[in-house]
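So the structure is just underneath, and the comments pick up after that.
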Amino acid sequence: MTDTPAPTLLDAARLFRANDLAGAEAACRAMLAVNPHDAQAVHLLGLVAAHTGHPDDALALFTEAIAELDTDASFHNSRGSLLFQLGRATEAEAAFRAGLAVNDRYPELHGNLGNALKALGRLEEAAESFRAALALKDNAPEMHHFLAATLRELGDLEAAEQHFGKALELAPDYLDVHYSLAELLSTQGRLEMAEQSFRKVLEAAPRFVPAQVGLAHALQSLDRASEAIDAIEAAREQAPDHPMIQFTRRLIYSSAVPGWHLPMINDFERNDAYKHALERAVTPDSLVLEIGTGSGIVSMMAARAGAKQVVTCEVNPILARVAKETVARNGYADRISVVPRLSTQLTVGEDGDLPEKADVFVSELINIGMLAPRMLSVLQHARTHLVKPGGAIIPRASTVYAMLVETPELARINPVERIDGFDMSAFDVFRSPGYQQIDLAADAHTPLSDRFTALDFDFTRNMPEEGEEEIAVTVTAEGTCHGVAFWFDLFMDDEVVYKSESLSRTNHWKQAMTFLELPIKVRPGDRLTVVARYDNNQISFGIGG
1 MTDTPAPTLL DAARLFRAND LAGAEAACRA MLAVNPHDAQ AVHLLGLVAA HTGHPDDALA
61 LFTEAIAELD TDASFHNSRG SLLFQLGRAT EAEAAFRAGL AVNDRYPELH GNLGNALKAL
121 GRLEEAAESF RAALALKDNA PEMHHFLAAT LRELGDLEAA EQHFGKALEL APDYLDVHYS
181 LAELLSTQGR LEMAEQSFRK VLEAAPRFVP AQVGLAHALQ SLDRASEAID AIEAAREQAP
241 DHPMIQFTRR LIYSSAVPGW HLPMINDFER NDAYKHALER AVTPDSLVLE IGTGSGIVSM
301 MAARAGAKQV VTCEVNPILA RVAKETVARN GYADRISVVP RLSTQLTVGE DGDLPEKADV
361 FVSELINIGM LAPRMLSVLQ HARTHLVKPG GAIIPRASTV YAMLVETPEL ARINPVERID
421 GFDMSAFDVF RSPGYQQIDL AADAHTPLSD RFTALDFDFT RNMPEEGEEE IAVTVTAEGT
481 CHGVAFWFDL FMDDEVVYKS ESLSRTNHWK QAMTFLELPI KVRPGDRLTV VARYDNNQIS
541 FGIGG
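According to full-length UniProt numbering, the sequence shown holds residues 1 to 545 in order.
This is the structure in structure tokens:
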């Protein structure tokens, strides 16, 4: 009778690659019965544990393998990868760096370190790690994708596009890259190309909601409103309850009725805040950049404050034309240039839109709920490419405040359902997405809590494009909580502050309110957890469990 040969590491690895995890585990344990210090077997057993849903066991085994043989960089890579999957990015960074100390020519380790650094918000370091990986292995499409996505967040759109393109050269059917490239092209205003990229994704993945939404946005931005509506309605047929589709659908419909430009220029508190901040920031040598010309009043304030030159951009060609006429009527045509393009399309240099980077950067990209779609991305690009280091940024920061509110009259149309016995729910398509404007000076309401600080934003630095805060709120009055009213302070500089909580009748922003899907009965002393969230499009509120 012949003895069955003892399993080898090759046998165990073959079983693991074949997804025979039980067989791989048995082979590893047989090897360890012969040699308990076999680091390779311990490591492979850790991989089996990770793949079978036992992360704590896997981490212990990876640590044991490293203790037995700390010169194998793959052990550190496995440990770091699992820590990263568990959301422990700081520990993952340390593990990847330990691996690179053993072998700094391990491209996957450099790439994984880049992902950990990116998760920690250290984007410049992450980009360097991805570049190090590509220096060792240039034909890795996923690494070009990771680097491109990071460069996009850093505002280096040209380099990001180059690496997205390289990833597609290596892997033409890489759908994530097609989608990321489409988003980049949209940000740059190259909408026809963005449309093609979104359609490329949808050919292969017709139910991919972000691409459906991106296509609808691109068509809307191309002034092809009917096609945009067709696109979002087709998406809605497939996923009628998807929040991103619902939001985009309402956005497309509601954007057909922009009516806030006249109230804006009549808002004396807003005007005074911009005027005083510009008077404090502008010198006779200042080059001022404004994003979002609108009526042209802010750019004229900058010129009146003594700026040498003002460059202001406005993507809406009708607004740009009227603003240019307004500038000329007021005698500032020699100092104010109105550029009818996106800020991400502006050029800097002798023949560019700006002769050099701006000394002062002023914008009013906010809306009723403070954070407007893609506002953080636009500000980040401007800071990186269009404004001098240390340049004045107006506004420089914002704080969002909130309060629990009962308002039965407004709740009747948020959402629109039955009015006077009629089913009016079809009319709900015209309701703005996410939150509604509320006027705390005029709309009947009952405060159900004290005001509380919800979110803080610093426009002078890069911020994550999404985040949330949980706030414990004590109810102060009995009633039905229909939602969360919120407003904001805009810090123009260290002294000048615009407050949207103002009860002045000319306050055009007034306040905003997120209505709860299901109102909540509350009593004094109740403690609610309010979740304040933001992304690159909006601020929203919810009540936690």
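For glycine and all other residues, C-beta sits at the position ideal for the given N, C-alpha and C.
For residue i: DSSP bridge partner residues
i           : result
residue 551 : Look at the range of the chain in this structure, 1 to 545, and you will see that residue 551 is not part of it.
residue 457 : 398
residue 481 : 520
residue 358 : 387
residue 527 : 474
residue 405 : 447 and 483
residue 490 : 398 and 498
Residue interval of the beta strand (DSSP E) (run including residue i)
i           : result
residue 513 : 511 to 522
residue 498 : 497 to 499
residue 438 : 436 to 438
Backbone secondary structure at residue i - three-state DSSP
i           : result
residue 2   : Reliability of the predicted coordinates at residue 2 is poor, the pLDDT of 45 falling under 50, and the value obtained from them is presented with this limitation in mind. In this structure, residue 2 counts as coil in the three-state DSSP scheme.
residue 466 : coil
residue 272 : helix
residue 299 : helix
residue 532 : strand
residue 99  : helix
residue 322 : helix
residue 308 : coil
residue 388 : strand
residue 543 : strand
residue 424 : coil
residue 547 : No statement about residue 547 is possible, as the shown extent of the chain runs from 1 to 545 and does not include it.
residue 393 : strand
residue 42  : helix
residue 447 : strand
residue 222 : coil
Limits of the alpha helix (DSSP H) - the one that residue i falls within
i           : result
residue 253 : 243 to 254
residue 200 : 191 to 204
residue 174 : No alpha helix (DSSP H) holds residue 174; DSSP gives it neither H nor E.
residue 83  : 73 to 85
residue 412 : Careful: residue 412 lies outside any alpha helix (DSSP H) and carries neither H nor E.
residue 146 : 141 to 154
residue 347 : Looking at the DSSP string, residue 347 is not in any alpha helix (DSSP H), and its letter there is neither H nor E.
residue 8   : Segment: none, residue 8 is in no alpha helix (DSSP H) and carries neither H nor E.
residue 112 : 107 to 119
residue 64  : 55 to 68
residue 546 : No information on residue 546 is available, as it lies outside the stretch 1 to 545 that the chain covers here.
residue 32  : 21 to 34
Proximal residues to residue i (C-beta, below 6 Å), its chain only, five neighbours per side dropped
i           : result
residue 41  : 28, 31 and 32
residue 222 : 191
residue 132 : 110
residue 181 : 164 and 197
residue 279 : 305
residue 251 : 433
residue 214 : 182 and 198
residue 392 : 281 and 360
residue 13  : none
residue 123 : 150, 153 and 154
Close-in-space but distant-in-sequence residues of the same chain around residue i (CB under 7 Å, 5 per side omitted)
i           : result
residue 49  : 57, 58 and 61
residue 521 : 480
residue 469 : 454, 455 and 532
residue 282 : 288, 302, 305, 306, 307 and 360
residue 504 : 269
residue 90  : 120
residue 238 : 207
8 Å CB neighbourhood of residue i in its chain, flanking five on each side removed
i           : result
residue 1   : Legend: pLDDT at residue 1 = 40, less than 50; position of this residue unreliable, no value from coordinates given.
residue 338 : 293, 296, 299, 312, 313, 314, 320, 323, 324 and 327
residue 84  : 92, 112, 115, 116 and 119
residue 86  : 55
residue 446 : 405, 406, 407, 477 and 479
residue 108 : 77 and 133
Residue-chain proximity (residue i, chain D), Cβ-Cβ < 7 Å
i           : result
residue 132 : Looking for chain D here will not work: only one protein chain is present.
Checklist entry - Three or more beta-carbon pairs under 8 Å between the stretch 375 to 390 and the stretch 346 to 365, yes or no? => result Cβ pair count under 8 Å is three or more, so yes.
Checklist entry - Would you say the stretch 533 to 543 touches the stretch 363 to 374, given that touching needs at least three Cβ pairs under 8 Å? => result Yes: the two stretches touch, three or more of their Cβ pairs being nearer than 8 Å.
Next on the checklist: With three or more beta-carbon pairs closer than 8 Å as the criterion, would you say the stretch 421 to 428 touches the stretch 507 to 527?
Outcome noted: Taking a cut-off of 8 Å on C-beta distances, the stretch 421 to 428 does not touch the stretch 507 to 527, as fewer than three cross pairs fall below it.
Next on the checklist: Would the stretch 62 to 80 count as touching the stretch 92 to 110 if we require 3 or more Cβ pairs under 8 Å?
Outcome noted: The stretch 62 to 80, when compared against the stretch 92 to 110, does touch it at the 8 Å Cβ threshold.
Checklist entry - Just checking, does the stretch 170 to 181 make contact with the stretch 401 to 416 on the three C-beta pairs under 8 Å criterion? => result No: fewer than three Cβ pairs fall under 8 Å.
Next on the checklist: Within 8 Å, do at least three Cβ pairs link the stretch 284 to 299 to the stretch 201 to 215?
Outcome noted: Judged by Cβ distances under 8 Å, the stretch 201 to 215 makes no contact with the stretch 284 to 299, as fewer than three pairs qualify.
Item to check | Contact the stretch 373 to 381 vs the stretch 266 to 286: 3+ CB pairs below 8 Å | outcome: Short answer: they don't touch.
Checklist entry - Taking three-plus beta-carbon pairs below 8 Å as touching, is the stretch 77 to 97 in contact with the stretch 110 to 122? => result Yes, they touch.
Next on the checklist: Pairs of beta-carbons, one from the stretch 425 to 441 and one from the stretch 460 to 469, closer than 8 Å: are there three or more?
Outcome noted: Contact annotation: the stretch 425 to 441 does not touch the stretch 460 to 469, with fewer than three C-beta pairs closer than 8 Å.
Next on the checklist: Whether or not the stretch 154 to 173 and the stretch 392 to 399 are in contact is what I'm after, with contact meaning three or more pairs of Cβ atoms, one per stretch, closer than 8 Å; do they touch?
Outcome noted: Touching, no, given that fewer than three Cβ pairs across the two stretches are closer than 8 Å.
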